[in-house]
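Chains as they are written, first to last, in this note's numbering: chain B, 813 to 1157; chain W, 813 to 1157. Here a beta-carbon is modelled for each residue, glycine too, at the ideal position from N, C-alpha and C. Fair warning: this is a prediction, and the values are worked out from it, not measured in the lab. One structure is given here, and the rest of the page talks about it.
There are 2 protein chains.
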Amino acid sequence: MMPERADPIDKRSRPATLRDVAQLAGVSIATVSKSLNGRDHVRPETRERVLRAAEKLNFAPNSLAQGLLTGRTGTVGLLTSDMEGRFSLPVMMGAEDAFGTGSTSVFLCDARGDAIREQHHIRALLGRRVDGLIVVGDKTDPRPSLGHAFPVPIVYAYAPSDDPRDISVISDNVGAGSLAAEHVLSCGRRRIAYVSGDVTYAAARDRVEGAVQTLGAAGLELLGGEALYGAWTEEWGRGAIRTLLARFPDLDAVLCGSDQIARGALDALRESGRSVPSEVAVMAHDNWVPIATQARPPLSTIDMRLELVGRRAAELLFEAINGEGRGGIHSVATKLVTRGSTALV
Amino acid sequence: MMPERADPIDKRSRPATLRDVAQLAGVSIATVSKSLNGRDHVRPETRERVLRAAEKLNFAPNSLAQGLLTGRTGTVGLLTSDMEGRFSLPVMMGAEDAFGTGSTSVFLCDARGDAIREQHHIRALLGRRVDGLIVVGDKTDPRPSLGHAFPVPIVYAYAPSDDPRDISVISDNVGAGSLAAEHVLSCGRRRIAYVSGDVTYAAARDRVEGAVQTLGAAGLELLGGEALYGAWTEEWGRGAIRTLLARFPDLDAVLCGSDQIARGALDALRESGRSVPSEVAVMAHDNWVPIATQARPPLSTIDMRLELVGRRAAELLFEAINGEGRGGIHSVATKLVTRGSTALV
DNA sequence: CTGAAAGCGCTTACAG
DNA sequence: CTGAAAGCGCTTACAG
Chain B
813 MMPERADPID
823 KRSRPATLRD
833 VAQLAGVSIA
843 TVSKSLNGRD
853 HVRPETRERV
863 LRAAEKLNFA
873 PNSLAQGLLT
883 GRTGTVGLLT
893 SDMEGRFSLP
903 VMMGAEDAFG
913 TGSTSVFLCD
923 ARGDAIREQH
933 HIRALLGRRV
943 DGLIVVGDKT
953 DPRPSLGHAF
963 PVPIVYAYAP
973 SDDPRDISVI
983 SDNVGAGSLA
993 AEHVLSCGRR
1003 RIAYVSGDVT
1013 YAAARDRVEG
1023 AVQTLGAAGL
1033 ELLGGEALYG
1043 AWTEEWGRGA
1053 IRTLLARFPD
1063 LDAVLCGSDQ
1073 IARGALDALR
1083 ESGRSVPSEV
1093 AVMAHDNWVP
1103 IATQARPPLS
1113 TIDMRLELVG
1123 RRAAELLFEA
1133 INGEGRGGIH
1143 SVATKLVTRG
1153 STALV
Chain W
813 MMPERADPID
823 KRSRPATLRD
833 VAQLAGVSIA
843 TVSKSLNGRD
853 HVRPETRERV
863 LRAAEKLNFA
873 PNSLAQGLLT
883 GRTGTVGLLT
893 SDMEGRFSLP
903 VMMGAEDAFG
913 TGSTSVFLCD
923 ARGDAIREQH
933 HIRALLGRRV
943 DGLIVVGDKT
953 DPRPSLGHAF
963 PVPIVYAYAP
973 SDDPRDISVI
983 SDNVGAGSLA
993 AEHVLSCGRR
1003 RIAYVSGDVT
1013 YAAARDRVEG
1023 AVQTLGAAGL
1033 ELLGGEALYG
1043 AWTEEWGRGA
1053 IRTLLARFPD
1063 LDAVLCGSDQ
1073 IARGALDALR
1083 ESGRSVPSEV
1093 AVMAHDNWVP
1103 IATQARPPLS
1113 TIDMRLELVG
1123 RRAAELLFEA
1133 INGEGRGGIH
1143 SVATKLVTRG
1153 STALV
């Protein structure tokens, strides 16, 4: 004879419904609903009884039913093109964080930069009746707009949409370049070179532009008259430094397009017998913590505040869901992080 | 006089329902449902008419309604403790990827290692009637089981549950240590040291254990009789190498607990005038690509195949959802990646 | 203050 | 082959 399955560990026990709670509390399901949702017109002691019953049954309302009824699901789609990307991740974290504290849940989709896959995911998300969409890019270059034929609002984060009517949030790369230049100027440097990354990246060009502007305002220009563009690698950082030292033996600061480039720069400077920061200051971008802090010396760098980009995107999406969409590009200010590579002389 | 809103760009157009399709096709909603779901008992030309109508209205079925009815939502919760973690991310990617090809969507939740937040997220996920849960850890040490009082199955990935009845997927760190040791042995090295990471991490100890076993089988032991434990940093890698070179000037290989430690080791070896790999081979763990490939020379390392861990977790969860739960720890084999730091002499 | 009823959008027996 | 009806779990006017 089989023992009865009274095991509370039974994984497949059906979740409690309003009906179960109503039965236990001896009231109607309407009353349970009102009690649980804090509606008026329920006697305090009835409400109390209902709450206890719900507690005992470990009742959690079925969001599907609620969503079906109210038209709001409290879910949002996060469409990323590259989960490996160091840049899209913090943005995702910021967004998840901003939503997570409330009652909104995030659907994660990785399209791998494939437009077909992206369409597939969007269709699935729309089928799940998300209240909105955040599209996270992995580089700062504008991406194609998804258009406006959607039943829900869309916010683009990190990579802005190429349609100015869309809502986009980016970090301010021009401002970042300015900040970097300002910092080395304030450290008393005047013979400043720039080793940038891949010239096809908007982020590379924007950061250079900011630096050039700021130097210009101080009556200076970059050593050699322009930035050296190359690759986002340490190797390029090393090679560029060797070239620069040959041409400008008296350079006293190097602005680098990324932390990785800066690490290469540090290595090449050390191997050329230049001491950092006393002879040459090195300034980086991105604040990729494991890279920046493990460098010798640790890197001063510009933090792009990507979590803030994600958080801002979440907020703007929320507003748009509530009908207050504000198209255009919203730019998040970056932040200087000083470490040993630029310490004042 | 207001123009009529026939604008297809209207963001707030209500998504089409079965009823809309039925009306356009001139049939009942039951017939629409059957046609769309490929059920029998529909005349081909009727089906065709329905399909065209659905197409024209850009119909996507409301998953909420489907879920409410069928009891399956086609959603899964991914609970991570640390989205910054280099380790939990690839696992998430693998899981998302495994699901993404099907019709399952993933809810992403970051608990930040906070048990309260974790409970909060679990409650929300259960309210959304996910079909199952994947719990992703950020280190390989066993984590507390969430218990068995859940209406849905749970799979633990990367960090196993401390309850052996739970389903866990990990990468094989002992095997990884063996692989690393085998490789340097096959490169003809015999005087082998081990610079490990933080001894409080199971991953650190397991990798050492695998290496010691393999060396033992070859009649060897580690230089100094045991591994040097320290921190997961380049600085520790540099310091440990200096210590080792002083004690064992003739060492010909170093196994490192991580890519970062190995980079430190490379730098210290170079600065001590040892050439890698001709004099000393350096072998790492993790295959953190930007670190490993940018090293001088690029690092041979053990890839933990974390995407595979995530993928396997997704598969096991799927099985468990279908009632074929297989408790215990499932271990994923690691993979040797050879680069310049160990090239055969 | 409380409850019966309608309805959100779908699927599935069950009649016709 | 096609459609009317019930029902998934909830919320919200509307009666009582």
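Check                                                                                                                                                                                     : Outcome
Tell me which same chain residues have a C-beta within less than 7 Å of the C-beta of Asn870(B), skipping the five on either side of it?                                                  : Ala828
Which of the three DSSP states, helix, strand or coil, is assigned to Phe871(W)?                                                                                                          : coil
Which ranges does the beta strand (DSSP E) cover as unbroken runs of at least 3 residues, wholly within the segment 974-1057 of chain B, from first to last along the chain?              : 979-983 and 1004-1007
Under the rule that 16 or more other beta-carbon atoms within 10 Å means buried, what is Asn849(B), buried or exposed?                                                                    : exposed
Out of Val947(B), Arg935(B) and Met904(B), point me to the one whose CA is closest to Gly925(B)'s CA.                                                                                     : Val947(B)
Have a look at the DSSP bridge pairing and note the partners of Lys1147(W).                                                                                                               : Asp1115(W)
Any Cβ of chain W within less than 8 Å of the Cβ of Ser1070(B)?                                                                                                                           : no
CB-CB under 6 Å to Pro954(W), same chain, minus the five flanking residues each way: which ones, in chain order?                                                                          : Pro972 and Asp974
Does any CB atom of chain B fall closer than 8 Å to the CB of Glu930(W)?                                                                                                                  : no
Kindly indicate which residue of Leu1035(B), Leu880(B) and Glu867(B) has the alpha-carbon position closest to the one of Val833(B).                                                       : Glu867(B)
Please report how far the alpha carbon of Arg1082(W) lies from the alpha carbon of Ala988(B), in whole angstroms.                                                                         : 35 Å
Three or more beta-carbon pairs under 8 Å between the segment 837-856 of chain W and the segment 1138-1148 of chain B, yes or no?                                                         : no
Would you please verify whether the beta carbon of Gly1009(B) is less than 8 Å from any beta carbon of chain W?                                                                           : no
Quick check on DSSP: helix, strand or coil for His960(W)?                                                                                                                                 : coil
Using a cut-off of 8 Å between C-beta atoms, extract the partners of Asp922(B) located in chain W.                                                                                        : Met905, Glu908, Asp909 and Gly912
Any C-beta of chain B within less than 9 Å: which residues of the segment 888-904 of chain W qualify?                                                                                     : Gly889, Leu890, Met895, Glu896, Arg898, Leu901, Pro902 and Met904
Contact between the segment 990-1004 of chain B and the segment 1085-1102 of chain B is defined here as three or more beta-carbon pairs at a separation below 8 Å; is this criterion met? : yes
Just the chain W side, please: which residues come within less than 7 Å of Val918(B) by C-beta, in chain order?                                                                           : Phe919 and Leu920
At a CB distance below 8 Å, what residues from the segment 1043-1057 of chain B approach chain W? Give them in sequence order.                                                            : Thr1045, Glu1046 and Glu1047
What residues of chain W sit near Ala877(B), judged by a beta carbon separation below 7 Å?                                                                                                : Leu880
Quick one: any contact between the segment 1045-1064 of chain W and the segment 1022-1030 of chain W, if contact means 3 or more CB pairs under 8 Å?                                      : no
Drop a sphere of 10 angstroms on the beta-carbon of Leu881(W), count the other beta-carbons inside from all chains shown, and report buried for 16 or more, exposed for fewer.            : exposed
Can you say whether Leu830(W) is buried or exposed, counting buried as having 16 or more other CB atoms within 10 angstroms of its CB?                                                    : buried
Could you tell me if Ile966(B) is buried or exposed, where buried requires 16 or more neighbouring beta carbons within 10 angstroms of its beta carbon?                                   : buried
To the nearest angstrom, report how far apart Glu908(W) and Thr843(B) are at their CA atoms.                                                                                              : 41 Å
I'd like the list of long-range same chain contacts for Met895(B), defined as Cβ closer than 6 Å, with 5 residues on each side in sequence excluded.                                      : Asp922
Does the beta-carbon of Arg1000(B) have 16 or more other beta-carbons within 10 angstroms, so that it is buried, or is it exposed?                                                        : Note that residue 1000(B) corresponds to Gly in the displayed sequence, not to Arg. Gly1000(B) should be labelled exposed.
Kindly say whether Pro873(B), judged by its beta-carbon, lies nearer than 8 Å to any beta-carbon of chain W.                                                                              : yes
Name the residue from Lys1147(B), Gly1137(B) and Trp1100(B) whose alpha carbon lies nearest to the alpha carbon of Pro976(B).                                                             : Gly1137(B)
Hey, would you say Asp1064(W) sits closer than 8 Å to Glu1038(W), going by beta carbons?                                                                                                  : no
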